[in-house]
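One structure below.
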Amino acid sequence: MHSKSAALRLHVESVLAGRITSPFRLLQIEPPCTVPTGIPALDEATGGLPRGCLTEIYGPPSSGKTSLLQSALATRTANSEVCALVDAQDSFDPWCAQSAGVSLRQLLWIRCKNLDHALRSVDLLLHGGGFGMVAMDLSDTPACLVRQVPLNAWFRLRRTVENTSTILLVLSRESNAKTCASLVLRLERETAAWSLRERSNPSHPRHTPACLFDGWTTTAEVIRSSARRKNLHFFHQSTIQGKARTDLVRFELRSNPLRDDSLNDTLLLLPPRKERTKDPA
Amino acid sequence: MPFAAIFVPNFTLQAIVRCEPELQVQPIAVIEGPPPTYRVIAINRLGEKLGVTRGMTKANAEQFQEIRIRHRSEPQEETAHRALLDAAWSISALVEDAAPDTLLLDLSGLTRLFGTQKEIARRTLARISELGMDVHVAVSANVETARILARALSEPTVVPEGQESRFFETLPVGMLSLSQELADILERWGVTTCKSLASLPVLSLSERVGQEGVRLHAIASGKGNRPLILSEPAHHFEEWFELEDPVDNLEPLSFLLGRLLQQLCTRIAARVLAIRAVHVNFQLQRAFESTAQPAREFFNAKSSLPLYSCSLKLPIPTVDPALLLKLLRLRLQSKPPGAPVHKIHMVAEPDRARTTQGGLFLPASPDPQKLELTIARVAAVVGESNVGSPQLLDTHRPDSYQMQKFSIASVTASVQEQQAETRSGFRFFRPPLPALVQLQGKCPTRVSFQGMQGKVVCASGPWRTSGDWWEDNSWQEDAWDLEIHFPSESPPLQGFYRVSYDVRGEKWYVRGAYD
Chain A
1 MHSKSAALRL HVESVLAGRI TSPFRLLQIE PPCTVPTGIP ALDEATGGLP RGCLTEIYGP
61 PSSGKTSLLQ SALATRTANS EVCALVDAQD SFDPWCAQSA GVSLRQLLWI RCKNLDHALR
121 SVDLLLHGGG FGMVAMDLSD TPACLVRQVP LNAWFRLRRT VENTSTILLV LSRESNAKTC
181 ASLVLRLERE TAAWSLRERS NPSHPRHTPA CLFDGWTTTA EVIRSSARRK NLHFFHQSTI
241 QGKARTDLVR FELRSNPLRD DSLNDTLLLL PPRKERTKDP A
Chain B
282 MPFAAIFVPN FTLQAIVRCE PELQVQPIAV IEGPPPTYRV IAINRLGEKL GVTRGMTKAN
342 AEQFQEIRIR HRSEPQEETA HRALLDAAWS ISALVEDAAP DTLLLDLSGL TRLFGTQKEI
402 ARRTLARISE LGMDVHVAVS ANVETARILA RALSEPTVVP EGQESRFFET LPVGMLSLSQ
462 ELADILERWG VTTCKSLASL PVLSLSERVG QEGVRLHAIA SGKGNRPLIL SEPAHHFEEW
522 FELEDPVDNL EPLSFLLGRL LQQLCTRIAA RVLAIRAVHV NFQLQRAFES TAQPAREFFN
582 AKSSLPLYSC SLKLPIPTVD PALLLKLLRL RLQSKPPGAP VHKIHMVAEP DRARTTQGGL
642 FLPASPDPQK LELTIARVAA VVGESNVGSP QLLDTHRPDS YQMQKFSIAS VTASVQEQQA
702 ETRSGFRFFR PPLPALVQLQ GKCPTRVSFQ GMQGKVVCAS GPWRTSGDWW EDNSWQEDAW
762 DLEIHFPSES PPLQGFYRVS YDVRGEKWYV RGAYD
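Here you go:
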C-alpha cells in the first residue's frame with residue numbers, strides 16, 4: 001500500500017514536472033510583518049497591526065475606535081510613513097488628531113459623502129500604492145448600508161493590499177469583512193471617568209457638580225487574529241461551551257491633556273493654544 | 282570657427298503640419314487673405330502634383346477633392362519658430378534668430394560634445410525632426426555661406442574651409458537675397474549665377490551698384506563673413522492649435538492635447554528643464570453659432586468667443602507627457618468645458634528638473650508622479666476640495682481648518698517619544714446636528730437629535746468659548762460634555778457627546794461624539 005502511494009506520488013510529480021515544482025510540499029506562509037498600534041496592551045495581545053492585510057475594528061459609538069485609529073496614525077506618521085484616511089461621513093477632527101500625535105502633513109484626508117465614494121477611493125489608493133496605512137472610517141455610516149457591501153468587495157480589497165507593505169484598517173459599527181480580515185477587534189466601552197464629582201459647594205452657579213470629563217475605559221476583544229492561528233494549545237484549553245475564548249484587552253482613553261484644579265473657577269476648558277498648535281512631528 | 286544654418290522650407294505649411302502629422306502624406310494647401318478672396322500661399326509636393334498652384338483662389342483649389350485646405354495660422358508659426366529656437370539652443374548657446382525660417386548657430390567648441398561637424402549636422406536634424414519639422418542644415422566656416430547653402434540644398438551639407446566658392450558656382454544669384462532693383466540690373470547684365478557675379482571686378486561693381494553689390498560679391502566669392510547677432514534664450518513655452526471643426530468629445534480632444542503636450546515636453550526637455558505647471562485655455566464655440574439666427578442678432582453679437590481655462594500644478598516638475606495627459610483628462614472629466622472647443626492654447630511653466638536621492642533607511646513613500654495621478658483620480662470621485670491634508674487655523678473657533686494640496690514633504694526619520702497615555706478621539710458631525718435640550722437648573726437632562734431621545738447621565742460644563750467679536754461673523758457658544766443614554770434604541774445606546782449652545786443664534790447643536 002505504501003509502495004503504491006509512493007509510486008503514485010512519483011507519477012504525479014513527473015507529470016507536473018516543469019510546471020509545478022514540489023506539488024506535495026506544503027507552502028510555508030510567512031506570518032505578516034506587524035507594526036505597533038501605539039497602545040501597548042493591545043500590541044501585546046494582538047502582536048500589532050499586520051502589513052499587507054485587512055484589519056477590522058468594530059464597535060458601538062463611543063467605544064474607542066477613533067482613538068485607536070488616531071493612535072495607529074500617530075505611530076505610522078512618526079515613522080515617516082505617508083498615511084491616508086478615507087472618511088466616509090466627513091467626521092475627522094484634525095485638532096484632536098494632532099494632539100494625539102498625528103503629523104497632519106503626512107496624512108492624506110479624503111472626505112467622502114457616501115459609502116460608494118469611500119470604497120472607490122480606497123480602491124484607488126491601494127492601487128496607487130506607497131502608503132504606510134490606508135484607513136477607511138465607516139463608523140458613522142448606517143450599519144444597514146455597510147451590510148449591503150458584498151463580500152467579494154472586501155475580498156477584493158484584501159487581495160489588493162496583499163503582498164504590499166500597506167496596512168488596510170477598516171472602522172465600522174459591525175463586523176462586515178468576516179474572514180477577509182486578518183485581524184478583527186471588537187471594542188466596547190466600559191466605565192467613564194469624571195473628575196471633581198459631587199462637590200457640595202459649587203464655586204460658580206453655572207458649573208455642574210461633575211465638572212471634568214476625563215475619559216473612559218475600553219475593552220478590546222480579539223475576535224480573529226491570523227497571527228494567533230498557530231497557538232493551537234490556547235484554543236484547546238479554553239474551549240467553553242463549544243466557543244473558543246477570545247482575548248480581552250482593557251485600556252484607558254484620556255480626553256484632557258491637562259488637569260488643573262485651579263480651573264475650578266474658570267470657564268475655559270480647552271487646552272492652551274500653544275499646546276494645540278505644537279507640531280508633534 | 283564653424284557655423285551652422287538651419288532653414289525650414291515652406292515654413293508656413295510646416296508650422297501647420299507640425300501639429301497635424303497625418304497631413305504629411307496628404308496634399309495640403311494653405312490659404313490666406315480677407316474673406317472671400319482667399320488665395321493659396323503654400324502647397325506641399327503632393328498638392329503641386331494634383332495641380333494646385335500658388336495664387337489660386339480657394340474656390341479653385343477646392344475643385345480638387347483630395348486637397349486639404351488650411352488657413353494660415355500666425356500663432357502656430359510663432360510657436361513653430363520658438364520650437365525651432367529651443368532645439369537650436371539645445372545644441373549651441375550662441376544662436377542668431379535670422380528669420381522666422383532661418384537660424385544661425387555658432388558651433389565653436391562643440392566638437393568635444395557632439396563630434397565632427399557632420400555629426401553635429403546629423404544631430405541637429407534629428408532633434409528638430411522630433412518636433413515634426415523637416416529642415417535643411419548646412420555647416421561652414423562662413424556664416425553667410427552656411428545660410429545660403431541651407432536654403433539652396435536639401436541634403437545636410439558640410440563645407441570644407443576654403444572651398445566655399447566651389448559650392449556657389451552653380452547657385453543662381455537670386456539665392457543671395459538681393460533687392461529687386463539689383464536683381465533687375467544683374468539680369469540686364471546677364472549675371473545669373475553666383476560664379477559670374479564673383480568674377481566681376483569689385484571696384485566697378487561698387488561704382489555702379491554701391492555697397493550692396495560689394496557685399497553680395499563677397500558672399501558669392503565665399504568670403505563674406507559677419508559676427509552673429511545673438512538672441513537671448515527665452516523660457517516661454519506655448520503651443521496653439523486651431524480646429525477647422527469644433528470638437529465636443531473628450532476622446533478626440535485628448536488626442537490633440539496629447540500632441541501638444543508631447544511637443545511641449547520635447548521642447549522643454551531639450552532645454553534640460555521640466556514642466557512645473559500647465560495652463561490650457563480653450564476657446565469655445567459660441568452657443569447657437571451653427572444655427573440660423575436673425576441677422577440683427579448676428580451682427581450685434583460680441584466678437585470675443587467664450588473661454589474656458591484649466592490649470593495643472595505639479596508638486597514635482599516632470600516631462601512625462603503621458604502623466605500630464607492623464608491628469609488633464611481627469612480634470613476635464615470632472616469639469617468639462619461645456620461647449621465645443623474651437624481653439625486650444627497651452628502654456629507650460631518650466632522649472633529645474635528635480636534630482637533627489639532617496640534615503641536608504643527611510644520607509645518607502647508613494648512615487649510623487651503616481652501619487653499625483655492617484656490624487657487626481659480620487660478628486661474626480663469626491664471633488665477636488667475634499668482631497669488634501671488638513672491645515673489647522675490659528676483660531677479658537679471650533680472645527681477650524683483648511684484643506685491644502687497634499688504633497689510629500691521632505692521626510693526625515695524622526696524619533697517620537699511614546700505618549701504615556703492614549704488620547705481619546707473626537708468625531709465631528711458636519712454640519713452640526715440641531716438638538717432639542719431639556720434643562721433642569723441650567724443643566725441638560727434630556728437631549729434629542731436625529732430622531733433619538735436620550736437621558737443625560739453625566740454632564741460637564743458649560744464651557745464658554747467665543748471669538749472674532751471684532752468681525753461680522755463673531756461667535757459665542759457654551760459647550761457641554763454629556764454622557765447620554767438612549768434607552769429606546771435597539772440595542773440601547775450610550776455615548777459621550779459634545780453639545781453646544783449657540784448664544785447668538787440661541788440654538789442647541791450636537792457638535793460631535795467622543796469615540
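Protein chains in written order, with my numbering: chain A, 1 to 281; chain B, 282 to 796.
The beta-carbon is built from N, C-alpha and C at its ideal position, and this holds for glycine as well.
Computed from a prediction, not measured in an experiment: that's the story for all the values here.
Next on the checklist: Closer than 7 Å to a non-hydrogen atom of the ligand ADP - does that hold for the CB of R320(B)?
Outcome noted: Among the ligands in the structure shown, none appear at all, so the ligand ADP cannot be discussed.
Next on the checklist: So for G669(B), helix, strand or coil by DSSP?
Outcome noted: As a position in the second sequence, residue 669(B) is number 388, starting the count at 1. Here G669(B) carries a strand assignment [DSSP, helix/strand/coil].
Checklist entry - Should R658(B) be flagged as near chain E, meaning a C-beta pair shorter than 8 Å? => result Absent from the structure is chain E; the protein chains it does hold are A and B.
Next on the checklist: Can you give me the C-alpha to C-alpha distance between L367(B) and R299(B), rounded to a whole angstrom?
Outcome noted: By 1-based counting over the second sequence, the position of residue 367(B) is 86. By 1-based counting over the second sequence, the position of residue 299(B) is 18. Leu is not the amino acid found at residue 367(B); the sequence shown has Asp there. Straight-line Cα distance between these residues: approximately 15 Å.
Next on the checklist: Does the contact criterion of 3 or more C-beta pairs under 8 Å hold for the stretch 741-754 of chain B versus the stretch 701-721 of chain B?
Outcome noted: The answer is no - the stretch 701-721 of chain B does not touch the stretch 741-754 of chain B, with fewer than three Cβ pairs under 8 Å.
Checklist entry - DSSP state of D43(A), grouped into three classes? => result If you number the first sequence from 1, residue 43(A) lands on position 43. Here D43(A) sits in helix by DSSP.
Checklist entry - Within 8 Å (strictly less), CB to CB, does V170(A) reach chain B? => result Along the first sequence, read from residue 1 onward, the residue named residue 170(A) stands at position 170. Not one chain B Cβ lies under 8 Å of V170(A).
Checklist entry - Does the beta-carbon of S755(B) have 16 or more other beta-carbons within 10 angstroms, so that it is buried, or is it exposed? => result Walking along the second sequence from the start, residue 755(B) turns up at place 474. Exposed, by the Cβ-count rule.
Next on the checklist: Can you tell me whether G215(A) is helix, strand or coil according to DSSP?
Outcome noted: Looking up residue 215(A) in the first sequence gives position 215. DSSP places G215(A) in strand when its eight states are reduced to three.
Next on the checklist: So if DSSP puts A661(B) in a beta bridge, which residue, or which two residues, is it bridged to?
Outcome noted: Within the second sequence, residue 661(B) is the residue found at index 380, counting from 1. The partner list for A661(B) (beta bridge, DSSP) is empty, contrary to what the question assumes.
Item to check | Three-state class that DSSP yields for P94(A) in the structure shown | outcome: Indexing the first sequence from 1 puts residue 94(A) at position 94. In the displayed model, P94(A) falls within a helix according to three-state DSSP.
Item to check | I556(B) vs P631(B) beta-carbon contact at 8 Å | outcome: Locating residue 556(B) in the second sequence gives position 275, counting from the first residue. Locating residue 631(B) in the second sequence gives position 350, counting from the first residue. Against a cut-off of 8 Å, the Cβ pair of P631(B) and I556(B) comes out as a contact.
Next on the checklist: Suppose you measure from the CA of F240(B) to the CA of T599(B); what does that come to, to the nearest Å?
Outcome noted: Residue 240(B) lies beyond the residue range present for chain B, which begins at 282 and ends at 796; the question has no answer from this structure.
Checklist entry - So, does the CB of G52(A) fall closer than 8 Å to a CB anywhere in chain B? => result Reading the first sequence from its first residue, position 52 is the one you call residue 52(A). No, G52(A) lies away from the interface with chain B (no Cβ there is under 8 Å from its Cβ).
Next on the checklist: Can you list, in chain order, the residues of its chain with a C-beta nearer than 8 Å to that of S63(A)? Leave out the 5 residues immediately preceding and following it.
Outcome noted: If you number the first sequence from 1, residue 63(A) lands on position 63. Once the five neighbours on either side are set aside, the close Cβ partners of S63(A) are L187, E188, R189, T218.
Item to check | Partner residues on chain B for D43(A), Cβ-Cβ distance less than 8 Å | outcome: Against the first sequence, residue 43(A) aligns to sequence position 43. Result: empty, since nearest Cβ-Cβ is about 11 Å, beyond 8 Å.
Next on the checklist: Does the CB of Y682(B) have a neighbour CB from chain A at under 8 Å?
Outcome noted: The sequence position of residue 682(B) within the second sequence is 401, counting from 1. Chain A contact via Cβ: present.
Next on the checklist: How far does the beta strand (DSSP E) with A740(B) in it extend, from its first residue to its last?
Outcome noted: As a first step, residue 740(B) is located in the second sequence; it is residue number 459 there, counting from the start. Per DSSP, A740(B) belongs to the beta strand (DSSP E) from 733-748.
Checklist entry - Can you name the residues that DSSP bridges to N114(A)? => result The residue given as residue 114(A) occupies position 114 in the first sequence. Within the DSSP bridge table, the entry for N114(A) names no partner.
Checklist entry - T334(B) by DSSP, collapsed to three states: which one? => result Position 53 of the second sequence, counted from the start, is the residue given in the question as residue 334(B). Correct three-state label for T334(B): coil.
Checklist entry - Using the beta-carbon of each residue, which ones in chain B are nearer than 7 Å to I39(A)? => result One-based indexing of the first sequence puts residue 39(A) at position 39. Those within 7 Å of I39(A) in chain B are T703.
Item to check | Assigned secondary structure, D367(B) (DSSP; H/G/I helix, E/B strand, else coil) | outcome: Here residue 367(B) corresponds to residue number 86 of the second sequence, with the count starting at 1. Three-state result, D367(B): helix.
Next on the checklist: Does the CB of R727(B) have a neighbour CB from chain A at under 8 Å?
Outcome noted: Taking the second sequence and counting its residues from 1, one reaches residue 727(B) at position 446. With 8 Å as the cut-off, R727(B) does not count as an interface residue toward chain A.
Checklist entry - From this set, D140(A), F251(A), P150(A), which residue's C-alpha is nearest L171(A)'s C-alpha? => result The count along the first sequence starts at 1 and reaches residue 171(A) at position 171. Ranking the options by Cα distance to L171(A), first place goes to D140(A).
Checklist entry - If P527(B) and H623(B) are in contact, beta carbons under 8 Å, what's the gap, nearest whole angstrom? => result Against the second sequence, residue 527(B) aligns to sequence position 246. Against the second sequence, residue 623(B) aligns to sequence position 342. That belief holds up - the Cβ atoms of P527(B) and H623(B) are roughly 5 Å apart, short of 8 Å.
Checklist entry - What is the rounded straight-line gap between the Cα of A515(B) and the Cα of V553(B)? => result On the second sequence, residue 515(B) is found 234 positions in, with the first residue counted as 1. On the second sequence, residue 553(B) is found 272 positions in, with the first residue counted as 1. For A515(B) and V553(B), the gap between their C-alpha atoms comes out near 13 Å.
Checklist entry - At what residues does the beta strand (DSSP E) containing T397(B) begin and finish? => result Walking along the second sequence from the start, residue 397(B) turns up at place 116. Premise fails: T397(B) is in no beta strand (DSSP E) and is neither H nor E.
Item to check | the stretch 320-327 of chain B touching the stretch 437-451 of chain B, judged by at least three CB pairs closer than 8 Å | outcome: The answer is no - the stretch 437-451 of chain B does not touch the stretch 320-327 of chain B, with fewer than three Cβ pairs under 8 Å.
Checklist entry - So, do the stretch 380-387 of chain B and the stretch 285-301 of chain B have three or more beta carbon pairs nearer to each other than 8 Å? => result Under the 8 Å Cβ criterion, the stretch 380-387 of chain B counts as touching the stretch 285-301 of chain B, having at least three qualifying pairs.
Checklist entry - For P631(B), which of helix, strand or coil comes out of DSSP? => result One-based indexing of the second sequence puts residue 631(B) at position 350. The answer is strand: DSSP assigns P631(B) an E or B state.
Item to check | Start and end residues, alpha helix (DSSP H) containing T160(A) | outcome: In the first sequence, the residue the question calls residue 160(A) occupies position 160. T160(A) -> alpha helix (DSSP H) spans 151-161.
Checklist entry - If you draw a straight line from the alpha carbon of T473(B) to that of A603(B), how long is it in whole angstroms? => result Position 192 of the second sequence holds residue 473(B). Position 322 of the second sequence holds residue 603(B). Spanning the two alpha carbons is a distance of roughly 54 Å.
Next on the checklist: By alpha-carbon positions, which one of G491(B), G443(B), I466(B) ends up nearest to K504(B)?
Outcome noted: Numbered from 1 along the second sequence, position 223 holds the residue referred to as residue 504(B). The residue with the shortest Cα to Cα distance from K504(B) is G443(B).
Checklist entry - Is S175(A) closer than 8 Å to V184(A) when the C-beta atoms are compared? => result On the first sequence, residue 184(A) is found 184 positions in, with the first residue counted as 1. On the first sequence, residue 175(A) is found 175 positions in, with the first residue counted as 1. For V184(A) and S175(A), yes; Cβs fall inside 8 Å.
Next on the checklist: Looking only at its chain, what residues have a beta carbon closer than 8 Å to the beta carbon of G143(A), apart from the 5 residues adjacent to it on each side?
Outcome noted: By 1-based counting over the first sequence, the position of residue 143(A) is 143. Here residue 143(A) turns out to be Ala, not Gly, going by the sequence shown. Only S172, R173, E174 meet the Cβ criterion.
Next on the checklist: List, in chain order, every chain B residue whose beta-carbon is nearer than 8 Å to that of A192(A).
Outcome noted: Position 192 of the first sequence, counted from the first residue, corresponds to residue 192(A). Simply C739, E764, F777.
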